[in-house]
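A.B. asks: Protein chains in written order, with the working numbering: chain A, 1 to 177; chain B, 1001 to 1364; chain C, 2001 to 2100. Note that beta-carbon positions come from the ideal geometry of N, C-alpha and C, so glycine has one too. Keep in mind it's a predicted model, so treat the numbers as computed, not measured. Structure provided below as structure tokens; questions to follow.
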Amino acid sequence: MLVFFYLFAAAAVLGALGVLLLRNPVYCALSLVATMSALGGVFILLNQEFVAAIQILIYAGAIMVLFLFVIMLLNLRSDEQFIARWNPGKVVGIAMALVILAQLVGVFTSASATLGPAGEYPAERIAKEGAVEIVGGLLVTQYVLPFEVASILLMVAIIGAVVIAKRQIAKPSQEGR
Amino acid sequence: MELLLNPVVISLVKVLVIILLFVMVVGTVLTLMERKWMSAVQDRIGPNRANIGSFRGRGTLHIAADGLKSIFKEDTVPEGANRFVFTIAPFFGFFSAIVIWAVIPFAGPLGGFTFQITDVNIGMLLVFAVTSLGVYGTVLAGWSSNNKFAVLGAARGTSQMLSYEIFLGLSLVGLFMIVGSVRVSDLVAYQNTYWFGDVLPKWGVLTQPVSCVLFFVAMLAEAKRLPFDAPEGESEIIAGYFLEYSGMRYAAFMLAEYVAIVGIGALTVTLFFGGYHVPWLHADGFHLLGAVLPLPAWLVVLLQLGAFIGKVLFFCWLVIILRWTVPRFRFDQIMALGWKRLLPVCLANVAVTALVLLAVDGWQ
Amino acid sequence: MIPVTHVLVLSAALFAIGVSGVILRRNAIVVFMSVELMLNAVNVAFVGFAYGLNSMTGIMFVLFVLVVAATEAVVGLAIMLAIFRNRGTLNIDEFNLLRW
Chain A
1 MLVFFYLFAA AAVLGALGVL LLRNPVYCAL SLVATMSALG GVFILLNQEF
51 VAAIQILIYA GAIMVLFLFV IMLLNLRSDE QFIARWNPGK VVGIAMALVI
101 LAQLVGVFTS ASATLGPAGE YPAERIAKEG AVEIVGGLLV TQYVLPFEVA
151 SILLMVAIIG AVVIAKRQIA KPSQEGR
Chain B
1001 MELLLNPVVI SLVKVLVIIL LFVMVVGTVL TLMERKWMSA VQDRIGPNRA
1051 NIGSFRGRGT LHIAADGLKS IFKEDTVPEG ANRFVFTIAP FFGFFSAIVI
1101 WAVIPFAGPL GGFTFQITDV NIGMLLVFAV TSLGVYGTVL AGWSSNNKFA
1151 VLGAARGTSQ MLSYEIFLGL SLVGLFMIVG SVRVSDLVAY QNTYWFGDVL
1201 PKWGVLTQPV SCVLFFVAML AEAKRLPFDA PEGESEIIAG YFLEYSGMRY
1251 AAFMLAEYVA IVGIGALTVT LFFGGYHVPW LHADGFHLLG AVLPLPAWLV
1301 VLLQLGAFIG KVLFFCWLVI ILRWTVPRFR FDQIMALGWK RLLPVCLANV
1351 AVTALVLLAV DGWQ
Chain C
2001 MIPVTHVLVL SAALFAIGVS GVILRRNAIV VFMSVELMLN AVNVAFVGFA
2051 YGLNSMTGIM FVLFVLVVAA TEAVVGLAIM LAIFRNRGTL NIDEFNLLRW
């Protein structure tokens, strides 16, 4: 169990490093897909098959395909000088990233950090009632307002994307049909 | 003996048997049957020349001939292609066509043995997740080939598959609402319950006729079969995204397509046509109008296995005959059909199903 | 039983890599991918807490993070397309029209 977790975690981190270090944007996208799939494996090990499925379905199957599609559409070349130009800002940036990492790890592993009170959904209950049923129930009861807001957000995003990406908005009078 | 009864070993054996003895065999045979049925539609004889001595076997040897030919053909990689991506692209489509078989049940349980590789909680969500990965095969193959036609095919394929994926999932929501589960075994078990005492089985096609049609159409579009094969469109862009492939890798694309056809058949049967169930056949025999014909358990399982395979083969035939019956949609027609017609119908279907379920609940 | 701390450290590592990607990379789409990576790292933390606390709240957060990630990707990529059409490049160093 723990071994599989480490395997998936290592794969995820390797994929993430690929995003950071590979030159070709398509390779970056592919290694991000690998990261997301590995995280799907991590979620399965954490008893959340439902999250794993939607992780693969939405991230790997939809969002990353969109990225690849745009990269293909724009026919992007490899960026030759991706970390070539060092400047003080970047050094500070990397230092900041390392500080963030150190802080997060420090907080997460510190002895005084303890988990709060346990909730009411242990793995056995999720397995018995089904994650899909529980999540569905919660979405239309306790979380119904965020759920509705999310739906509006999605619609705004669809309309916004169409408006931004469209080459020219045709004037109503010029429209053929 | 201990080793043989180990659950992991049993699952592995199931995987091998289902993949190698059923899916691959049917997929391979379909490559020949497609050409045979096509020639029947076009009033020709079709492939019948491959022979060993005087034995021709009505063209069956063409399967072996095709396999040998693709093994011995040169495996070319075009100039300027991205070699790494070009090499891995065929596996994505194949992977997604194979993995959906993990949740398809072939027959009812016999003793403690189930004819299903795994009955996961998330059931159909796994199928959606895996199907959604199939699009990588298209987009990567097209992009890496360094060919304008391939890129055109990949662009068409990607937008088509992303669009039709939406109501592939949405079309099943009504069914999930009726059954109250996404687990495949629940979906199948529900279809062996009956209306009017024990007369009319509650097959998905009867409870959700609209969603059955939508699902079948969406699956056709996902598998890029006619009338939705604009990404391949021979007469416009030669072969689309896999234009530059040759040898075994080309064969991998073709085989993945035929395995996907078997997958369409299996999913449609499992969700809408009773799965492995024979109407009125329960675990202990036939029950109809109070009369009971008891049957031994092994015979029931055999009947179910035969029924499932028969139904799947029927849908494979339907998919292939559709190809030679209907003309190809233009690409803008595909997108317009998806977003302007099928999506509203999907949403209306969900809404109507919800209202009917509420009404039935209130009435009872 | 996987220790929750290990899950959280994985999340922290992914997040830090995402941050460095945003800072170091010059290609706007790759920067964007790094942002997605950071969102993923947050998801890992949420699922880790949900696992450790036997709670469903983390899972609900993941769902909404997914929604935000999807909208962000769609609008962001549309903006990329528009920028590329106008400027002919996706190198963020050259997006300098709004500089004083």
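Less than 7 angstroms separating the beta-carbons of C/Ala2041 and C/Leu2014?
C.D. replies: In the third sequence, counting from the first residue as 1, residue 2041 of chain C sits at position 41. In the third sequence, counting from the first residue as 1, residue 2014 of chain C sits at position 14. For C/Ala2041 and C/Leu2014, yes; Cβs fall inside 7 angstroms.
A.B. asks: Using a Cβ-based criterion (distance less than 6 angstroms to any ligand heavy atom), does B/Thr1131 qualify as near the ligand SAH?
C.D. replies: Looking for the ligand SAH in the displayed structure turns up nothing, as the structure carries no ligands at all.
A.B. asks: So the candidates are B/Ala1230, B/Leu1126, B/Lys1073, B/Phe1242; which of them puts its Cα closest to the Cα of B/Gly1093?
C.D. replies: Your numbering for residue 1093 of chain B matches position 93 in the second sequence. Nearest C-alpha to B/Gly1093: B/Phe1242.
A.B. asks: Taking all protein chains shown into account, decide if B/Phe1273 is buried (16 or more other Cβ within 10 angstroms of its Cβ) or exposed.
C.D. replies: By one-based count along the second sequence, residue 1273 of chain B stands at place 273. Label assigned to B/Phe1273: buried.
A.B. asks: Determine the direct distance from the alpha carbon of B/Leu1357 to that of B/Gln1364, and round the result to whole angstroms.
C.D. replies: Here the question's residue 1364 of chain B lines up with position 364 in the second sequence. Here the question's residue 1357 of chain B lines up with position 357 in the second sequence. Cα to Cα, the separation comes out at about 11 angstroms.
A.B. asks: For C/Ser2020, which residues in the same chain have their Cβ closer than 6 angstroms to its Cβ, ignoring the five residues on either side in sequence?
C.D. replies: The residue given as residue 2020 of chain C occupies position 20 in the third sequence. If we look at C/Ser2020 and ignore the five residues flanking it on each side, it has no Cβ neighbours.
A.B. asks: Which whole-angstrom value describes the C-beta separation of B/Leu1267 and B/Val1352, a residue pair presumed to lie in contact below a C-beta threshold of 8 angstroms?
C.D. replies: For this step, residue 1267 of chain B is matched to residue 267 along the second sequence. For this step, residue 1352 of chain B is matched to residue 352 along the second sequence. Not confirmed; about 23 angstroms, so no contact.
A.B. asks: Do you know how far the Cα of A/Ala150 is from the Cα of B/Ala1348?
C.D. replies: What you label residue 1348 of chain B is simply residue 348 of the second sequence in a count that begins at 1. What you label residue 150 of chain A is simply residue 150 of the first sequence in a count that begins at 1. So the alpha carbons of these two residues sit roughly 21 angstroms apart.
A.B. asks: Around the C-beta of B/Ala1251, are 16 or more other C-beta atoms found within 10 angstroms, so that it is buried, or is it exposed?
C.D. replies: Along the second sequence, one-based indexing puts residue 1251 of chain B at 251. Buried, by the Cβ-count rule.
A.B. asks: Using the three-state DSSP reduction, which class does B/Leu1288 fall into: helix, strand or coil?
C.D. replies: Your numbering for residue 1288 of chain B matches position 288 in the second sequence. Strand, per DSSP.
A.B. asks: Out of curiosity, what's the CA-to-CA distance linking C/Ala2078 and C/Thr2089?
C.D. replies: Taking the third sequence and counting its residues from 1, one reaches residue 2078 of chain C at position 78. Taking the third sequence and counting its residues from 1, one reaches residue 2089 of chain C at position 89. Taking the straight line joining both Cα atoms gives about 14 angstroms.
A.B. asks: List, from N- to C-terminal side, the alpha helix (DSSP H) runs of 4 residues or more that fit wholly inside the stretch 1136-1210 of chain B.
C.D. replies: The stretch 1136-1210 of chain B contains these whole alpha helix (DSSP H) runs: 1148-1170, 1173-1179, 1184-1190, 1204-1207.
A.B. asks: Is the number of C-beta pairs between the stretch 1276-1295 of chain B and the stretch 1334-1349 of chain B that are closer than 8 angstroms three or more?
C.D. replies: Flag = no, the stretch 1276-1295 of chain B and the stretch 1334-1349 of chain B do not touch.
A.B. asks: Kindly say whether A/Ala9, judged by its beta-carbon, lies nearer than 7 angstroms to any beta-carbon of chain C.
C.D. replies: Start at 1 with the first residue of the first sequence, and residue 9 of chain A comes out as number 9. So, interface residue.
A.B. asks: Quick check: the Cα distance between A/Pro117 and B/Gly1123, rounded to an integer number of angstroms?
C.D. replies: In the first sequence, counting from the first residue as 1, residue 117 of chain A sits at position 117. In the second sequence, counting from the first residue as 1, residue 1123 of chain B sits at position 123. Distance between the alpha carbons of A/Pro117 and B/Gly1123: 32 angstroms.
A.B. asks: Distance, Cα to Cα, B/Ala1218 vs B/Leu1162?
C.D. replies: The residue labelled residue 1218 of chain B in the question sits at position 218 within the second sequence. The residue labelled residue 1162 of chain B in the question sits at position 162 within the second sequence. The straight-line gap from Cα to Cα measures roughly 11 angstroms.
A.B. asks: What does A/Asn47 touch in chain C if you count any residue whose Cβ is under 8 angstroms from its own?
C.D. replies: Sequence index remark: in the first sequence, residue 47 of chain A carries index 47 (1-based). Residues of chain C passing the Cβ test: Tyr2051.
A.B. asks: With A/Ile164 as the anchor, note down where its alpha helix (DSSP H) starts and where it stops.
C.D. replies: If you number the first sequence from 1, residue 164 of chain A lands on position 164. That run of the alpha helix (DSSP H) goes 144-165.
A.B. asks: Would DSSP call C/Asn2086 helix, strand or coil?
C.D. replies: As a working note, residue 2086 of chain C is residue 86 in the third sequence. DSSP places C/Asn2086 in helix when its eight states are reduced to three.
A.B. asks: Suppose you measure from the CA of A/Ala102 to the CA of B/Asn1082; what does that come to, to the nearest Å?
C.D. replies: On the first sequence, residue 102 of chain A is found 102 positions in, with the first residue counted as 1. On the second sequence, residue 1082 of chain B is found 82 positions in, with the first residue counted as 1. A/Ala102 and B/Asn1082: Cα-Cα distance of roughly 38 angstroms.
A.B. asks: Restricting to Cα atoms, I'd like to know which of B/Val1029, B/Gln1042, B/Phe1308 is closest to B/Ile1063.
C.D. replies: Residue mapping note: residue 1063 of chain B aligns to position 63 of the second sequence, counting from 1. Ranking B/Val1029, B/Gln1042, B/Phe1308 by Cα distance to B/Ile1063 puts B/Val1029 first.
A.B. asks: Which residues bound the alpha helix (DSSP H) around C/His2006?
C.D. replies: Taking the first residue of the third sequence as position 1, residue 2006 of chain C is located at position 6. 2004-2024 is the span of the alpha helix (DSSP H), which, as asked, contains C/His2006.
A.B. asks: Across which residues does DSSP place C/Asn2027 in a beta bridge pair?
C.D. replies: Here residue 2027 of chain C refers to the residue found at position 27 when the third sequence is read from its first residue. In DSSP, C/Asn2027 forms a bridge with C/Asn2091.
A.B. asks: 7 angstroms is my cut-off, CB to CB: does C/Val2065 come that close to chain A?
C.D. replies: The residue given as residue 2065 of chain C occupies position 65 in the third sequence. Answer no: the Cβ-Cβ gap between C/Val2065 and chain A never drops below 7 angstroms.
A.B. asks: For B/His1277, which option in B/Glu1244, B/Val1085, B/Leu1305 has the closest C-alpha, if you only look at C-alpha atoms?
C.D. replies: Translated into positions along the second sequence, residue 1277 of chain B becomes position 277. B/His1277 has its Cα closest to that of B/Leu1305, out of B/Glu1244, B/Val1085, B/Leu1305.
A.B. asks: Near A/Phe4, which residues of its chain fall below 8 angstroms by C-beta distance, leaving aside the five closest residues on each side in sequence?
C.D. replies: Counting from 1 along the first sequence, the entry for residue 4 of chain A is found at position 4. Once the five neighbours on either side are set aside, the close Cβ partners of A/Phe4 are Gly41, Leu45.
A.B. asks: Between C/Ala2073 and A/Ile63, is the Cβ-Cβ spacing less than 7 angstroms?
C.D. replies: Position 73 of the third sequence holds residue 2073 of chain C. Position 63 of the first sequence holds residue 63 of chain A. Cβ atoms of C/Ala2073 and A/Ile63: closer than 7 angstroms.
A.B. asks: From the DSSP output, in three-state form, read off B/Ile1045 for me.
C.D. replies: Numbered from 1 along the second sequence, position 45 holds the residue referred to as residue 1045 of chain B. The answer is coil: DSSP assigns B/Ile1045 none of H, G, I, E or B.
A.B. asks: Show which residues of chain A have a CB atom less than 9 angstroms away from the CB atom of C/Asn2040.
C.D. replies: One-based indexing of the third sequence puts residue 2040 of chain C at position 40. By Cβ distance, chain A contributes Ala12, Ala16, Leu32, Thr35, Met36, Leu39, Gln55, Tyr59.
A.B. asks: Indicate whether at least one CB of chain C lies closer than 7 angstroms to the CB of A/Ala165.
C.D. replies: Your numbering for residue 165 of chain A matches position 165 in the first sequence. Yes, A/Ala165 counts as interfacial toward chain C.
A.B. asks: Which residues share a DSSP beta bridge with B/Leu1281?
C.D. replies: Numbered from its first residue, the second sequence carries residue 1281 of chain B at position 281. B/Leu1281 pairs with B/Phe1286.
A.B. asks: Count Cβ pairs between the stretch 1154-1174 of chain B and the stretch 1205-1213 of chain B that sit closer than 8 angstroms; are there 3 or more?
C.D. replies: Judged by Cβ distances under 8 angstroms, the stretch 1154-1174 of chain B makes contact with the stretch 1205-1213 of chain B, as three or more pairs qualify.
A.B. asks: Taking all protein chains shown into account, decide if B/Met1254 is buried (16 or more other Cβ within 10 angstroms of its Cβ) or exposed.
C.D. replies: The residue labelled residue 1254 of chain B in the question sits at position 254 within the second sequence. By the neighbour-count rule (16 or more Cβ atoms within 10 Å), B/Met1254 is buried.
A.B. asks: Could you round the C-beta distance between C/Arg2087 and C/Glu2094 to whole angstroms and report it? I think they count as a contact, below 8 angstroms.
C.D. replies: What you label residue 2087 of chain C is simply residue 87 of the third sequence in a count that begins at 1. What you label residue 2094 of chain C is simply residue 94 of the third sequence in a count that begins at 1. At roughly 7 angstroms, the Cβ-Cβ gap stays under 8 angstroms, so C/Arg2087 and C/Glu2094 are in contact.
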